[in-house]
Amino acid sequence: MKAVFKRLMTLAGAAATFAGVSTAALAAESGMTNWQLGFQASVSDMMDDITWFNAFTLVIITVITLFVLALLVVCMVKFSSKANPVPSRTSHNTMIEVAWTVVPILILVVIAIPSFRLLYKQLDIPEYDMTIKAIGYQWYWGYEYTDEGMGDLYFDSYMIADDDRQAVAEARGVSLNEVPRLLAVDYDLVVPVDTTVRLQVTAEDVIHAFAMPSMGLKIDAIPGRLNETWFRAREEGVYYGQCSELCGVNHAFMPIALRVVSKEQYKTWATAAQEDLDTANEQLMASIKDQKKLAAGKLEDISVAAK
């Protein structure tokens, strides 16, 4: 009994140490899996609410569908020509007519209340820590860090072609799976974790749309107009989105890659990026690689302690 208690205490201590390791090295990089059904993994409060609202409306529509199906079955059985050779000549029923008018209204009210709350939360931008401007082009994205002290940092982000994925993976020191086909880009949009970001979105040529499912983001990018939204990522990692507005022949080839890093990593990256973006990205990838090694070591320690 004493030995078991000692082992449990060892595991608890290891778990406490493990909890301090950056989530970037532990969580799934993209929140996506092969043959996945449903939404990407949520990493923001906004997406949490969207996921809940989707499940909430699914329950309501499932109940309605089953109820209507049951009525159809009852009607087919009870009022068939065999079971009911003399059909009723009833023309109306006041109670039923009132019910099928009032009940749908009540259902719509039940759906509308959380729906309006969610819409307000999306449109009401809270006090933010930084601002990024995303510009849609045919067919790539440009990002501008507009805050004071960022040195007017701007870069374009192009999708990595299939033939270049292996070379990019080797250069970054990651597996090929971490350079996903049709989603990975040459320059990621980098933001710090647990930071409220105001995102300004526009377009240079035609209408595009900035969509990032893990963050619950989707907003049109319209030439001559500046739309605004916001997000706050609570987990480090790489998250992917795409243009969601049919914008031309290469519409399917302008993905969005959002890399969420620790605040210390972001500060180092932002300082270096103003001088040399490529060097800043190399240093960032090296820092993330070190985090993963640390996380792997902690996992191994926990595994050994559990034996």
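My numbering numbers the first residue of the sequence shown as 150 and each following residue consecutively. Yeah, the Cβ is synthetic: ideal placement off N, Cα and C, and Gly gets one too. All of these numbers come straight from a predicted model, not from anything done at the bench.
Excluding the 5 residues preceding and the 5 following Ile281 in the sequence, name in chain order all residues of the same chain whose CB lies nearer than 8 Å to its CB. The residues Tyr292, Glu293, Tyr294, Thr295, Leu338, Val340, Val346, Arg347, Leu348 and Gln349, in chain order, have a CB closer than 8 Å to that of Ile281 in the same chain once the five nearest residues on each side in sequence are set aside.
Other residues of its chain near Leu366: CB distance less than 8 Å, five sequence neighbours each side excluded: So the qualifying residues of the chain are Met195, Leu348, Phe359, Ala360, Thr378, Phe380 and Gly390.
Near Thr206, which residues of its chain fall below 8 Å by C-beta distance, leaving aside the five closest residues on each side in sequence? Taken in chain order, the residues that qualify are Ile260.
Straight-line gap, Ile199 to Ser240 (C-alpha atoms, nearest Å): Distance between the alpha carbons of Ile199 and Ser240 is about 44 Å.
Buried or exposed: Val192, going by 16 or more other Cβ atoms within 10 Å of its Cβ? Looking at its Cβ environment, which holds 16 or more other Cβ atoms inside 10 Å, Val192 is buried.
Per-residue burial, Thr351 [other beta carbons within 10 Å of its own, 16 or more giving buried]: The residue in question, Thr351, is buried, as its Cβ has 16 or more Cβ neighbours within 10 Å.
Helix, strand or coil, according to DSSP, for Met181 in the structure here? In the structure shown, Met181 sits in coil (DSSP, three-state: anything other than H, G, I, E or B).
Would Ala318 pass as a contact of Val328 if the rule is Cβ separation under 8 Å? Contact flag set, yes.
In chain order, what residues of the same chain lie with their CB nearer than 6 Å to the CB of Gly285, ignoring the 5 residues before and after it? Cβ within range, chain order: Ala352, His357 and Ala370.
Could you give the C-beta distance for Gln440 and Thr417, rounded to a whole number, given that I count them as a contact under 8 Å? Not a contact, Cβ separation roughly 13 Å.
Using 8 Å as the Cβ pair cut-off and three pairs as the minimum, do the region 297–311 and the region 413–429 touch? Segments in contact, yes.
Determine the DSSP secondary structure at Leu366, reduced to helix, strand or coil. Strand.
Using the beta-carbon count (16 or more within 10 Å), is Gly386 buried or exposed? Burial check for Gly386: the Cβ neighbour count within 10 Å reaches 16 or more, so the residue is buried.
Gln189 beta carbon less than 8 Å from that of Pro362: With respect to the 8 Å criterion, Pro362 and Gln189 are classified as neighbours on the basis of their beta carbons.
Neighbour-count burial assignment, Asn430, 16 or more Cβ in a 10 Å radius: In summary, Asn430 is buried, with 16 or more beta-carbon neighbours lying within 10 Å of its beta-carbon over all protein chains present.
Under the three-state reduction of DSSP, which class applies to Ile437: helix, strand or coil? DSSP places Ile437 in helix when its eight states are reduced to three.
Burial state of Ser306, where buried means 16 or more other Cβ atoms lie within 10 Å: Buried is the label assigned to Ser306, since at least 16 other Cβ atoms lie within 10 Å of its Cβ.
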